[in-house]
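Below you'll find the structure, written out as structure tokens, and then a few comments.
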Amino acid sequence: MADGFIRWYRESGATSVFAEQVKIFEAHGIGLVHPVRGAAVVLDVEGDQVLMRPEELGHLLGLRISSITMEWWFSADIDVVDSYSYEPLGCEIQTLWLDGLTREQADAVEAAVVAAATGLPTPTRAVIVDRRGEGDPDDWDSAVLYEGERLPVVRDWVLVREPLTDRLLRSSPELRREEAATGLTLLSPARPL
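Numbering (this note's numbering), first residue to last: 15 to 207.
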């Protein structure tokens, strides 16, 4: 799998829901703490691993002052890189990179994100899934954050709320629509791209 990704846009709540997200991910077999090192792993600007207590990472994410790239773990040598950032409009964005994962592992990441997106109290604006990485995650920012006119192609599926749902369906009427939990709608291509 090459540079596939899941992009998750979530409102910034009054309090961080990161601890709850960790529990949901763990229920899907994806841990925050490295199984051997016993700490959370953050990547610095050089891409080097920095060990950190999970509580310290949660505190930093809760401050919402800078972007942080961290790793989630299936095992001691299989990870999911997660770029976590904040936008001025009160939105948290996580981009989880699927490259190097098996289909089953990518399925587990998708399931974990959907469970968190529909189960956490902070509303989700959108979840974008592009397993082959044919698009660029940043291409969705304009449409999701600013109601921009340019709408990217839905590669695998998206989980979105109004008014983006109607805008995507108007621009791509062939998309299949399925109502999901908490006011979100699942849209996917009628035929694989």
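Glycine is no exception: its CB is placed at the ideal position from the N, C-alpha and C atoms.
Its chain contains Thr83 and Thr109 as the residues whose beta carbon lies nearer than 6 Å to that of Ser97, once the 5 sequence neighbours on both sides are disregarded; these appear in chain order. Counting C-beta pairs closer than 8 Å gives three or more between the segment 18 to 35 and the segment 131 to 140, which meets the contact rule. Looking at the DSSP output, Phe19 sits in a beta bridge with Trp111 and Asp144. Judged by DSSP in its simplified three-state form, Val127 adopts helix. Closest in alpha carbon position to Trp154, among Val50, Ile107 and Asp62, is Ile107. When secondary structure is reduced to three states using DSSP, Glu176 falls in the coil class, being assigned neither helix nor strand. For Leu201, DSSP records a beta bridge to Val172 and Arg191. For Val158, the enclosing alpha helix (DSSP H) starts and ends at Asp155 to Tyr160. Collapsing the DSSP output to three states places Val36 in a helix. Per the coordinates, the alpha-carbon of Val47 lies some 16 Å from the alpha-carbon of Leu75.
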